[in-house]
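For reference, the structure is listed below as structure tokens.
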Amino acid sequence: MATIYLIRHGQASFGKDNYDQLSPRGWEQGQVLGRWLAGKVVPNAVFGGNMERHRETIEAITAGYGQALPDMQAVKGLNEFDHMQVVERQRPEWADRQVMARDMAAFPKPARLFQQVFEQAMARWISGNHDGEYTETWEGFKQRVISSLDELVGYADGGDILVSTSGGPIAVIAQHLLELSDEKALAMNNVIANTSVSRILYSGPRRSLSVFNNYSHLEAEDPALVTFR
Numbered sequence: 001m002a003t004i005y006l007i008r009h010g011q012a013s014f015g016k017d018n019y020d021q022l023s024p025r026g027w028e029q030g031q032v033l034g035r036w037l038a039g040k041v042v043p044n045a046v047f048g049g050n051m052e053r054h055r056e057t058i059e060a061i062t063a064g065y066g067q068a069l070p071d072m073q074a075v076k077g078l079n080e081f082d083h084m085q086v087v088e089r090q091r092p093e094w095a096d097r098q099v100m101a102r103d104m105a106a107f108p109k110p111a112r113l114f115q116q117v118f119e120q121a122m123a124r125w126i127s128g129n130h131d132g133e134y135t136e137t138w139e140g141f142k143q144r145v146i147s148s149l150d151e152l153v154g155y156a157d158g159g160d161i162l163v164s165t166s167g168g169p170i171a172v173i174a175q176h177l178l179e180l181s182d183e184k185a186l187a188m189n190n191v192i193a194n195t196s197v198s199r200i201l202y203s204g205p206r207r208s209l210s211v212f213n214n215y216s217h218l219e220a221e222d223p224a225l226v227t228f229r
């Protein structure tokens with residue numbers, strides 16, 4: 001059986017004008033993963049969403065890997081959902097980033113506040129009770145991610161592949177393969193670490209999740225590299 005290595009992107013630039021780029025720590029995480037993959041994995045192909053953080057993660061992995069990897073082929077269906085739109089439907093005032101920054105700065109632990117609001121916002125989105133308020137519904141998101149998984153298997157032609165994507169698509173794929181509830185998928189999404197690796201074994205139509213959210217490469221190098229947002 002061949003393997004699909006689902007990689008969550010390195011840490012993005014939370015709170016910056018351009019969130020969709022790796023932070024310095026995100027670049028380091030990618031390089032650590034590249035060193036860990038070297039000598040273990042020789043991919044036939046490399047895929048990723050077409051977001052900046054997906055592409056930069058592959059660039060960081062390649063730097064650590066020490067030799068050229070196949071060019072990344074962009075698959076739009078592997079993109080993350082619009083997480084800020086989901087949050088803003090829960091907290092409309094946060095459409096103004098200055099208000100959001102003010103509210104978070106007033107909280108003793110800003111990251112915890114964001115996580116609390118994010119979980120509430122995700123529950124609202126997943127419920128399906130407000131679908132008309134979102135550009136992409138939860139059900140639509142799941143369908144495009146699973147369609148992209150089918151597309152990857154077709155492209156891979158039986159070989160091992162690396163996939164740079166985001167936590168949402170990884171959680172949805174795990175949910176699909178394990179036949180989990182939406183609530184379980186949300187719980188899984190909350191614990192996926194930056195540059196963690198989840199592995200799918202596949203052969204023809206057979207697909208099995210063999211590893212979920214492995215970030216031991218970061219822990220082995222420096223536990224401080226482990227981040228979840």
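Just so you know, the sequence shown maps onto residues 1 to 229 in the UniProt record's numbering.
Yeah, the Cβ is synthetic: ideal placement off N, Cα and C, and Gly gets one too.
Can you tell me which of the options puts its alpha carbon nearest to the alpha carbon of residue i?
i, options, result
"Arg229", "Tyr65, Leu113, Met1, Gly48", "Leu113"
"Thr135", "Lys40, Asp20, Ala220, Met84", "Met84"
"Asp182", "Ala220, Ile173, Ile126, Val163", "Ile126"
"Gly140", "Asp103, Val41, Phe81", "Phe81"
"Tyr155", "Pro24, Tyr215, Arg25, Gly48", "Gly48"
"Val172", "Ala111, Gln90, Val145, Ile192", "Val145"
"Pro223", "Trp94, Gln29, Val42", "Gln29"
"Ser216", "Ser196, Arg207, Arg206", "Ser196"
"Leu6", "Leu78, Trp94, Arg102", "Leu78"
"Gln143", "Pro169, Glu219, Asn129, Ile4", "Pro169"
"Val46", "Leu22, Ala74, Arg207", "Ala74"
Do you know offhand how far residue i's Cα is from residue j's?
i, j, result
"Leu209", "Leu180", "13 Å"
"Lys76", "Gln175", "20 Å"
"Phe20", "Glu52", "Note that residue 20 is Asp in the sequence shown here, rather than Phe. Each residue's Cα considered, the two are about 6 Å apart."
"Val226", "Met104", "22 Å"
"Met122", "Val87", "8 Å"
"Gln115", "Pro24", "22 Å"
"Asn50", "Lys109", "32 Å"
"Arg91", "Thr137", "18 Å"
"Gly66", "Val41", "13 Å"
"Pro205", "Leu178", "15 Å"
"Ser13", "Ala111", "13 Å"
"Trp94", "Val117", "11 Å"
"His130", "Glu219", "40 Å"
"Gly211", "Ile4", "The sequence given here has Val at residue 211, not Gly. Cα-Cα distance, rounded: 11 Å."
"Phe107", "Pro43", "45 Å"
Who does residue i pair with in a DSSP beta bridge?
i, result
"Arg199", "Tyr5, Val211"
"Ser164", "Ile7, Gly48"
"Ala74", "Gly48"
"Arg206", "Ser203"
"Leu22", "Ala12"
On the premise that residue j lies in contact with residue i, defined as a C-beta separation below 8 Å, what is that separation, rounded to the nearest angstrom?
i, j, result
"Gly10", "Asn194", "5 Å"
"Ala2", "Gln31", "Ala2 to Gln31, Cβ: 26 Å. No contact."
"Gly167", "Ile192", "4 Å"
"Arg89", "Glu133", "5 Å"
Is there a Cβ of chain D sitting closer than 8 Å to that of residue i, yes or no?
i, result
"Met100", "Checking the listed chains, one finds no chain D in this structure; it contains a single protein chain."
Looking at C-beta atoms only, is the number of pairs between the segment 89-108 and the segment 198-205 that lie closer than 8 Å three or more?
no
Check whether the segment 64-80 and the segment 171-191 are in contact - that is, three or more C-beta pairs closer than 8 Å.
no
The segment 147-159 / the segment 33-40 touching (three or more Cβ pairs under 8 Å):
no
When the Cβ atoms of the segment 157-169 are set against those of the segment 38-58, are three or more pairs found closer than 8 Å?
yes
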